[in-house]
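Heads up, the sequence shown is in the UniProt record's numbering, so the first residue is 1 and it goes up one at a time. The C-beta atom is built at its ideal place from N, Cα and C for all residues, glycine as well.
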Amino acid sequence: MVKLIFYTRQNCHLCAVAKAVVRELQQYHDFQVEIRNVDDHPDWIRAYGDEVPVGIIGDRKVFKYRVKEDQLRLAILAS
């Protein structure tokens, strides 16, 4: 099963918008989402702190800042 790792943080408007897109896609496609607060781990802050929201599938960054539903759908289907 495809797993999307979703890096987010509190009080992030773009993160809330991206999360809504991800939840919408979950209604139509079978994939798991692991939500990680980027501020919970120093390595995550270094890697993604300036880019949230960030979505990772496998070793590929499939979105940052803004998520486009059609592009994320294609990434999920291709994985």
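Expressed to the nearest angstrom, what Euclidean distance is found between the alpha-carbon atoms of residue i and residue j?
{"i": "M1", "j": "L77", "result": "11 Å"}
{"i": "I35", "j": "D50", "result": "17 Å"}
{"i": "R60", "j": "I5", "result": "10 Å"}
{"i": "D30", "j": "R23", "result": "11 Å"}
{"i": "K64", "j": "D70", "result": "14 Å"}
Measure from the alpha carbon of residue i to the alpha carbon of each residue in the options, then state which is nearest.
{"i": "residue 81", "options": "D59, Q26 and R66", "result": "Here the chain covers residues 1 to 79 and nothing more, so residue 81 does not appear."}
{"i": "D39", "options": "Y7, A75, V21 and V62", "result": "Y7"}
{"i": "L72", "options": "A18, C12, R9 and H13", "result": "A18"}
{"i": "Q32", "options": "I57, K68 and L74", "result": "I57"}
Evaluate residue i with the Cβ neighbour count: other Cβ atoms within 10 Å of its Cβ, from every protein chain shown; 16 or more gives buried, anything less gives exposed.
{"i": "G55", "result": "buried"}
{"i": "P42", "result": "exposed"}
{"i": "Y48", "result": "buried"}
Determine the DSSP secondary structure at residue i, reduced to helix, strand or coil.
{"i": "Q32", "result": "strand"}
{"i": "V67", "result": "coil"}
{"i": "R9", "result": "coil"}
{"i": "V54", "result": "strand"}
Starting from residue i, follow its DSSP beta bridges and name the residues at the other end.
{"i": "L4", "result": "V33 and I57"}
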